[in-house]
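>
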Amino acid sequence: VFVNVLDGFDFASAAELKPDASFELSADKTNYAIFGTPAYVKFQAVSSITLFFPENHEDGDETVVDKLAVSGWPVEFKSGEDGQTAAQKASLQRSMGGGMR
Numbered sequence: 001v002f003v004n005v006l007d008g009f010d011f012a013s014a015a016e017l018k019p020d021a022s023f024e025l026s027a028d029k030t031n032y033a034i035f036g037t038p039a040y041v042k043f044q045a046v047s048s049i050t051l052f053f054p055e056n057h058e059d060g061d062e063t064v065v066d067k068l069a070v071s072g073w074p075v076e077f078k079s080g081e082d083g084q085t086a087a088q089k090a091s092l093q094r095s096m097g098g099g100m101r
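Take 1 as the starting number for the sequence shown in the UniProt record's numbering and just add one per residue.
1. For the 8 Å Cβ check, are there 3 or more pairs between the segment 41-54 and the segment 2-10?
2. Leaving out the 5 sequence neighbours to the left and right, which residues in its chain are closer than 7 Å to Arg-101 when beta-carbon positions are compared?
3. In the DSSP output, which residue or residues are listed as bridge partners for Val-3?
4. For Asp-59 and Leu-25, what's the separation of their Cα atoms in angstroms?
5. With a threshold of 16 other CB atoms inside 10 Å of the CB of Val-64, please say whether the residue is buried or exposed.
6. Using only the alpha-carbon positions, how far apart do Gly-72 and Asp-61 sit?
7. What does a CB cutoff of less than 8 Å around Val-70 pick up in its chain, not counting 5 residues either side in sequence?
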């Protein structure tokens, strides 16, 4: 799981960057993964999430996600004199090599 990644994020980027959170999926199609509460500090100003699956089970050609449920509480607040939201600032920080890692 990558938080607030910018346009141009691709497979090479995903392989090089450290994810903000990760979890294992079962190969058994009747099971599912429950991604619990991640580190709070990494998920305070989320405007987008990107999921990266580094490989498929059983040498399959594709990864299929049947259902994805995300819960949380949106918080949109102004941060500072420039009027940018916290999510906008986090995205800008990440693009400049900083951010919430």
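Ideal Cβ placement from N, Cα and C applies to all residues, glycine included.
Fair warning: this is a prediction, and the values are worked out from it, not measured in the lab.
According to the data block:
1. yes
2. In this prediction, Arg-101 scores a pLDDT of 39, lower than 50, which makes its location untrustworthy; no coordinate-derived value is stated.
3. Ile-49
4. 15 Å
5. exposed
6. 32 Å
7. Ile-49
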